[in-house]
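Report on one structure; see the data block that follows.
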Amino acid sequence: MSFPQQPPHAHHPMDELFAQRPEPPPGAADAPGLPEIPEHAPTPWGVAFIVSWRSVRRRFFRSLITMTGVILAIAFLTYMRSTDAIVHSLVTADVDELNVLLQKNGVDILTAGGTDSRMILLITLSLLTCLVGIINAMLMSVTERIKEIGTMKCLGARDEFILKTYFIEAVLQGVLGTAIGMALGLLIAVAVARQAYHGYVSMFMPAGAVAGVLTVSFLVGSLISILAAIAPARWAARKQPVDAMRVEE
Amino acid sequence: MNTTAPIIRAVKVAKVYRRGEEEVHALRGVTLDIMPGEYVSIMGPSGSGKSTFFNMIGALDRPSSGEVFLDGRRLTDLNAAQLAWMRCHNIGYIFQAFNLVPTMTAQENVAIARIFHGATPAEASELAAAALDRVGLGHRLRHVPGALSGGQQQRVAIARAMVNRPRIILADEPTGNLDLHTGEEIIALLAEMKQEYGVTVITATHDTKMLSASDTVVWIKNGRVARVAKRDELQIEIGTINGQALA
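Below is the structure:
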């Protein structure tokens, strides 16, 4: 009596996967009449998001460098504009003791509250610096990962997947950086105002105006992140699968 | 089915690079048939054109002249998107430096390949777990590459290559970053994949110690095929001169 010989992995799920594989084309290496290669399906945004999120989380220090530009620029924008809103609110409160404090701090009660052109210039410059900073940091991060991109393409990733991944990554970093920058800017603005005007700051806190400032900061930060993401993501998507073979680490 | 049809056919494949004024002839007309289910080792020193040839048959690079046929299709006829489809559906790649994505777990690294193939994330995760189990890493699904040894990382890479049930596995110096013992285990695993699933395995190597699993060994020198040896001829030579003089 003989037993049929069993392979070591008799009923492994992998066997089933290979069993379902279509037969190879018959005939010569150049088989005429093979079906047209189907459209290579795009990979969903959700998958790209997970890949990007993993990257931002596990390369947190690297991401922080990219984010620093946004954090500083948005903190500056938020600080300037919140301070403005707070001072404006204190001026309109028209309390005698407070007016004395305001004058001591060099605020012209009659004209305070308007954003002057020097401030607009400063903010614009800081935002431009931030834009260039993100682009630069993202380009570096793409260069570091040429091999990873090449590997993904070897595995069958389409250009649009690489594009999505790097775009989401830049936007994630931008939005996170914006949030941190907003918090930082507001905290500093309130702290500085309290130094000068003490309890009056909380008494006349212009909640609505500050909310408006934060909204604008968020929109500006997000817009800059999206603008900065486009070039690096497109550059990443153009990398070739053969780049995966690079030997240097 | 005609089993004698080659899965890869290279006809007079040549590649010329321009380096400034200079023309570099990396390949000077390589003609070679590789049969389905074969284990082929491509040997050659660096600069021999071995890697260039490897990239040609792996649908990673286009020849300057000549033809490459893969699984019944003429690669020169295909556009970039169709080549990506061919890579995804027919070829599994294994690299010297493993090339796993460092921020993703072993399971995610394998699953992403299957997602590119068109599976949903849930299906892909399940298949990835099966593939990792098959290469002996069923207990390492949630480890990131950094927490795995070199041999384990290369096993993850093999699982990643296998999860799309390819017809061909292309392994570029798969043992180059591994010690001798681990390297032999990896070669044995590749041979097992060939045996059990009928996958054609093509490795590029310059290590004669890794030839034992090969059915065919192809030597490339100066951009040409210098010699092709079958298993039986080879064993005699390895037995007598230990293959040293061949490389």
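As they're listed, the protein sequences go chains A and B.
Heads up: the first sequence is residues 33 to 281, going by the numbering used here.
Heads up: the second sequence is residues 12 to 258, going by the numbering used here.
Backbone N, C-alpha and C fix where the C-beta goes; we use that ideal spot for every residue, glycine too.
Only a predicted model underlies this, so the values are computations on that prediction, with no experimental measurement involved.
Closest option to Val27(B), judged by alpha-carbon separation, among Ala37(B), Gly149(B), Ala135(B) and Arg20(B): Ala37(B).
Counting only the Cα atoms, Ser160(B) lies some 12 angstroms from Ala117(B). For Thr114(B), the closest Cβ of chain A is nearer than 8 angstroms. Residue environment analysis places Gln164(B) among the buried positions, since at least 16 neighbouring C-beta atoms fall within 10 angstroms of its C-beta. Measuring C-alpha to C-alpha distances from Thr110(A) to each of Ala202(A), Thr98(A) and Ile152(A) identifies Ile152(A) as the nearest.
For Pro132(B), the neighbours in chain A by C-beta distance under 7 angstroms run, in chain order, Val79. Across the stretch 60–76 of chain B, CB contacts with chain A closer than 9 angstroms involve Ser62, Phe65, Asn66, Gly69, Ala70, Leu71 and Asp72, in sequence order along the chain.
Contacts with chain B at 8 angstroms (Cβ-Cβ) include Ser87(A).
For the stretch 195–215 of chain A, the set of positions with a beta-carbon nearer than 7 angstroms to some beta-carbon of chain B is empty.
The beta carbons of Thr227(B) and Val51(B) sit closer together than 8 angstroms. Listed along chain B, the residues sitting closer than 9 angstroms to Val274(A) by beta-carbon distance are Asn66, Gly69, Leu71 and Asp72.
Between Leu208(A) and Ser136(B), the alpha-carbon positions lie close to 29 angstroms from each other.
Gly217(A) and Ile194(A) have their alpha carbons spaced roughly 34 angstroms apart.
In this structure, the beta-carbon distance from Gly213(A) to Ser254(A) does not fall below 8 angstroms.
The beta carbon of Asp44(B) sits closer than 6 angstroms to the beta carbons of Pro17 and Arg20 from its chain, once the five residues preceding and following it are set aside; these are given in chain order. Of the candidates Arg53(A), His44(A), Ser84(A) and Leu66(A), Ser84(A) places its Cα closest to the Cα of Leu204(A). Secondary structure at Arg235(B): strand, using DSSP grouped into helix, strand and coil.
The CB of Pro45(A) comes closer than 9 angstroms to the CB of Glu137, Leu138, Ala140, Ala141, Ala142, Asp144 and Arg145 in chain B, given here in chain order. Within chain B, the residues placing a beta-carbon under 7 angstroms from that of Glu180(A) are Val112, ordered along the chain. If you ignore the 5 residues before and after Gly48(B), its C-beta comes within less than 7 angstroms of the C-beta of Lys205, Gly209 and Thr211, all in its own chain and listed in chain order. Contact check for Ser114(A) and Val242(A): beta-carbon distance about 6 angstroms, within the 8 angstroms limit, so the pair qualifies.
Taking the C-beta atoms as reference points, Ala265(A) is found no nearer than 8 angstroms to Phe127(B).
Minimum Cα-Cα distance from Ala25(B) among the listed residues Met46(B), Gly31(B) and Gly60(B) corresponds to Gly60(B). The beta carbon of Lys271(A) does not come within 8 angstroms of any beta carbon belonging to chain B, so the residue lies off that interface.
Not a single CB atom of chain A sits nearer than 8 angstroms to the CB of Arg238(B).
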